[in-house]
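Here is the structure we will look at, set down as structure tokens.
Number of protein chains: 2
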Amino acid sequence: MHYLIDDTARMPANWREAFPEGLWRRRTEHVAASARLCWVRLLPGELPAQLVPTLNLPANFVILADAPSEAITVQALEVGAAGCCNTYAAPDVLRQVDVVVANGGLWVGRSLLQHVLASTQRILEKKAESAPQDWQLLLSGREITVAQLVGQGASNKEVARQLDIAERTVKAHLTAIFEKLQVRDRLQLSLRINGVRD
Amino acid sequence: MHYLIDDTARMPANWREAFPEGLWRRRTEHVAASARLCWVRLLPGELPAQLVPTLNLPANFVILADAPSEAITVQALEVGAAGCCNTYAAPDVLRQVDVVVANGGLWVGRSLLQHVLASTQRILEKKAESAPQDWQLLLSGREITVAQLVGQGASNKEVARQLDIAERTVKAHLTAIFEKLQVRDRLQLSLRINGVRD
DNA sequence: GCAGCCATTGGACTTTGGTACAAATCCAGG
DNA sequence: CCTGGATTTGTACCAAAGTCCAATGGCTGC
Numbered sequence: 023m024h025y026l027i028d029d030t031a032r033m034p035a036n037w038r039e040a041f042p043e044g045l046w047r048r049r050t051e052h053v054a055a056s057a058r059l060c061w062v063r064l065l066p067g068e069l070p071a072q073l074v075p076t077l078n079l080p081a082n083f084v085i086l087a088d089a090p091s092e093a094i095t096v097q098a099l100e101v102g103a104a105g106c107c108n109t110y111a112a113p114d115v116l117r118q119v120d121v122v123v124a125n126g127g128l129w130v131g132r133s134l135l136q137h138v139l140a141s142t143q144r145i146l147e148k149k150a151e152s153a154p155q156d157w158q159l160l161l162s163g164r165e166i167t168v169a170q171l172v173g174q175g176a177s178n179k180e181v182a183r184q185l186d187i188a189e190r191t192v193k194a195h196l197t198a199i200f201e202k203l204q205v206r207d208r209l210q211l212s213l214r215i216n217g218v219r220d
Numbered sequence: 023m024h025y026l027i028d029d030t031a032r033m034p035a036n037w038r039e040a041f042p043e044g045l046w047r048r049r050t051e052h053v054a055a056s057a058r059l060c061w062v063r064l065l066p067g068e069l070p071a072q073l074v075p076t077l078n079l080p081a082n083f084v085i086l087a088d089a090p091s092e093a094i095t096v097q098a099l100e101v102g103a104a105g106c107c108n109t110y111a112a113p114d115v116l117r118q119v120d121v122v123v124a125n126g127g128l129w130v131g132r133s134l135l136q137h138v139l140a141s142t143q144r145i146l147e148k149k150a151e152s153a154p155q156d157w158q159l160l161l162s163g164r165e166i167t168v169a170q171l172v173g174q175g176a177s178n179k180e181v182a183r184q185l186d187i188a189e190r191t192v193k194a195h196l197t198a199i200f201e202k203l204q205v206r207d208r209l210q211l212s213l214r215i216n217g218v219r220d
């Protein structure tokens with residue numbers, strides 16, 4: 023049997039859809055030790071380390087976060103959760119989590135996993151510090167200028183005005199930049215040159 | 023259909039049991055592009071980065087290692103694999119990997135995951151002190167979720183798929199977010215939530 | 001000189017992002 | 001019961017972003 027421990031006002035529809043027979047419980051209510059899996063929903067801003075010790079949970083439980091983050095997930099697993107996922111994850115995903123956990127696995131969402139693995143990779147390579155501005159080496163002078171402005175949030179029109187060139191030219195530079203840096207649009211360019219890891 | 027790309031002498035019994043209809047292939051042989059999942063077995067001492075580029079693999083493939091390690095797994099995902107697991111994993115586990123990958127997930131074994139998460143924890147502790155997220159206080163739960171995804175570079179379509187809602191809804195949330203945070207587009211939103219100062 | 005890169009621009013086009021206006025459900029609190 | 005916020009979706013429309021093909025002129029190095 024599945025349990026959803028949730029002190030918010032409304033039960034997420036996707037969970038109900040994933041587990042039509044699942045039971046909704048307040049944090050103060052009892053959960054059978056025989057529960058197959060217990061889903062614990064965090065309140066906004068709450069962290070697993072604050073909540074979990076206050077509850078009497080069965081062996082298998084999973085944290086549900088409305089706004090999951092790397093910090094929440096790591097902490098969830100640290101306090102014994104078998105996984106952490108978005109409260110609003112699709113029903114298929116929820117059922118998938120169930121299957122993985124039932125087989126003794128740990129569940130971590132794809133984006134987080136990539137995030138974490140990317141961090142690990144940097145540790146393994148220890149390259150992070152050596153090449154802070156590698157992208158500049160791949161671009162021509164003008165392209166660097168355009169990339170910096172776009173990276174700060176400027177529109178094509180603004181870049182054009184500031185550099186006194188046609189908007190069309192800005193687009194041409196951007197197309198070249200995207201190709202050279204292997205990014206698909208200005209937002210990912212911004213993340214790249216501002217050193218935001220994802 | 024499942025394929026096992028394996029140049030060793032014997033086909034692992036567990037794989038045969040997990041996918042009775044699966045096809046065993048040498049590395050030189052052709053794999054249908056319509057393959058559901060392609061399992062690639064590493065030879066002893068071999069690394070994914072050496073092998074994968076030499077093969078013509080479909081979109082979804084998983085690395086099988088007789089002796090999996092953190093290095094092998096990270097490298098496997100780096101070169102595009104959807105997961106990495108022990109060649110001799112139980113049939114149930116193999117089928118589980120299949121399900122996860124079929125749903126767009128990445129699969130990483132439990133022990134590796136714990137290992138990697140432990141490393142990540144240290145980085146997070148440093149990051150946590152620096153930036154209190156004021157913007158989160160202005161948004162509803164769902165809006166926070168959308169803002170985070172967009173801030174990481176996701177397109178409207180990707181956000182919609184990930185949250186299992188219509189693209190139109192993503193736009194509605196974004197319009198509300200822009201208004202509340204007083205930014206004009208997704209790029210400036212990204213700068214705001216990633217704490218980039220200009 | 002000529003090949004090659006850089007910077008520039010145009011026209012035509014497709015895709016994506018964002019807004020306006022509207023409306024549905026659910027649920028909380030008065 | 002009714003109001004108001006949160007979440008969801010629709011149609012339609014406009015603007016911005018991005019691509020493709022093509023061209024010009026400047027500069028450098030062989």
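Protein chains in written order, with the working numbering: chain L, 23 to 220; chain S, 23 to 220.
For glycine and all other residues, C-beta sits at the position ideal for the given N, C-alpha and C.
Margin query: Determine whether the beta carbon atoms of L77/L and I27/L lie at a separation below 8 Å.
Written below: Closer than 8 Å, so yes.
Notebook entry, point to check: What number of angstroms, rounded off, separates the C-alpha of V192/L from the C-alpha of R183/S?
Noted result: The alpha-carbon separation between V192/L and R183/S amounts to approximately 31 Å.
Check: Does S212/S come within less than 8 Å of chain L when only Cβ atoms are used?
Finding: By this cut-off, S212/S is an interface position.
Notebook entry, point to check: Contact between the segment 106-115 of chain L and the segment 128-135 of chain L: three or more CB pairs below 8 Å?
Noted result: Put simply, the segment 106-115 of chain L touches the segment 128-135 of chain L. At least three CB pairs are less than 8 Å apart.
Check: What do you reckon, are the CB atoms on I85/S and L116/S nearer than 8 Å?
Finding: No, the pair does not count as a contact, with Cβ atoms beyond the cut-off.
Next item on the list: Could you tell me which chain S residues have their CB closer than 9 Å to the CB of N216/L, listed as they occur along the chain?
Entry: S212, L213, N216 and V218, listed in chain order.
Margin query: Counting C-beta neighbours from all protein chains within 10 Å, is the total for S212/L 16 or more, i.e. buried, or is it exposed?
Written below: With 16 or more Cβ atoms within 10 Å of its Cβ, S212/L is classed as buried.
Checklist line | Host alpha helix (DSSP H) of F41/L (start-end) | finding: No alpha helix (DSSP H) holds F41/L; DSSP gives it neither H nor E.
Check: How many angstroms separate the CA atom of S162/S from the CA atom of V168/L?
Finding: Cα to Cα, the separation comes out at about 35 Å.
Notebook entry, point to check: Between the beta-carbon of I94/S and the beta-carbon of P70/S, is there less than 8 Å?
Noted result: Yes, the pair counts as a contact, with Cβ atoms nearer than the cut-off.
Notebook entry, point to check: Name the chain L residues that come within less than 9 Å of I166/S, Cβ to Cβ?
Noted result: At a C-beta separation below 9 Å, I166/S has these neighbours in chain L: P66, D88 and A89.
Note to self: Can you pull the chain S neighbours of A112/L, defined as C-beta to C-beta under 7 Å?
What the structure shows: Correct list: D186.
Item checked: Residue closest to S177/S, alpha-carbon to alpha-carbon, out of M33/L, V205/L, Y25/L and F83/L -> Residue V205/L is the option with its Cα nearest to S177/S.
Check: If the cut is a Cβ gap below 9 Å, which residues of chain S does G175/L touch?
Finding: Taking a Cβ-Cβ cut-off of 9 Å, the neighbours of G175/L in chain S comprise V205, R206, D207, L209, Q210, S212, L213, V218 and D220, given in sequence order.
Margin query: Going by DSSP, what residue range makes up the beta strand (DSSP E) through H24/L?
Written below: Run containing H24/L: H24 to I27, per the beta strand (DSSP E) assignment.
Checklist line | Backbone secondary structure at A164/S - three-state DSSP | finding: The residue asked about is misnamed: residue 164/S is Arg in this sequence, not Ala. Three-state result, R164/S: helix.
Next item on the list: Spatial neighbours of A153/L within its chain, please: CB distance less than 6 Å, with the 5 preceding and 5 following residues excluded, ordered by chain position.
Entry: Here the model assigns A153/L a pLDDT of 44, short of 50, so the residue's position is not dependable, and the following value carries that caveat. Around A153/L: no qualifying Cβ.
Notebook entry, point to check: Does the Cβ-Cβ distance between E165/L and A188/L come in under 8 Å?
Noted result: No.
Next item on the list: Leaving aside the five residues before and after L160/L along the sequence, list all residues of the same chain whose C-beta is less than 8 Å from its C-beta, in chain order.
Entry: Taking L160/L as the centre and dropping the five residues before and after it, the same chain places the C-beta of K202 and L203 closer than 8 Å to its C-beta, in chain order.
Check: From M23/L to A40/L, what does the alpha carbon distance come to, in whole angstroms?
Finding: Straight-line Cα distance between these residues: approximately 12 Å.
Item checked: Straight-line gap, A124/S to Q118/S (C-alpha atoms, nearest Å) -> Within the model, the alpha-carbon separation for A124/S versus Q118/S is close to 10 Å.
Notebook entry, point to check: Between which two residues does the beta strand (DSSP E) carrying R63/L extend?
Noted result: Counting along the chain, R63/L sits inside the beta strand (DSSP E) bounded by residues L59 to R63.
Checklist line | Cβ of Q72/S within 8 Å of any chain L Cβ | finding: Contacts with chain L at 8 Å (Cβ-Cβ) do not include Q72/S.
Note to self: Give me the chain S residues within the contact set of Q136/L, using Cβ-Cβ distance strictly less than 8 Å, ordered along the chain.
What the structure shows: Residues of chain S whose Cβ lies closer than 8 Å to the Cβ of Q136/L are, in chain order, L99 and L128.
Notebook entry, point to check: Ordered along the chain, which non-local residues of its own chain (more than five positions away) have a Cβ less than 6 Å from that of R208/S?
Noted result: Cβ neighbours of R208/S within its own chain (closer than 6 Å, five residues either side excluded): V172.
Next item on the list: Please report how far the alpha carbon of W37/S lies from the alpha carbon of A87/S, in whole angstroms.
Entry: One C-alpha to the other measures close to 13 Å.
Margin query: Can you look up R47/S in the DSSP assignment and give me helix, strand or coil?
Written below: Reduced to three states, the DSSP call for R47/S is strand.
Check: Which residues in chain L sit within 7 Å of G163/S, going by Cβ to Cβ distance?
Finding: Going along chain L in sequence order, the residues near G163/S (Cβ under 7 Å) are P66, D88 and A89.
Checklist line | is_contact[E51/S, chain L] using C-beta, thresh 8 Å | finding: Not an interface residue.
Next item on the list: May I have the straight-line CA-CA distance separating V74/S from R47/S, to the nearest angstrom?
Entry: Near 15 Å, if we compare the C-alpha coordinates of R47/S and V74/S.
Check: With 8 Å set as the bound, which would you pick, yes or no: does the beta-carbon of N82/L sit closer than that to a beta-carbon of chain S?
Finding: For N82/L, the answer is no, since every Cβ of chain S falls outside 8 Å of its Cβ.
Next item on the list: Starting from I85/L, follow its DSSP beta bridges and name the residues at the other end.
Entry: Looking at the DSSP output, I85/L sits in a beta bridge with V62/L and C106/L.
Notebook entry, point to check: Whose Cβ in chain S lies nearer than 8 Å to the Cβ of N108/L?
Noted result: Result: T167 and L185.
Check: According to the neighbour-count rule (16 or more other Cβ atoms, all chains shown, within 10 Å of its Cβ), is E92/L buried or exposed?
Finding: Result: buried.
Margin query: For the alpha helix (DSSP H) containing L211/L, name the first residue and the last one.
Written below: That run of the alpha helix (DSSP H) goes R208 to I215.
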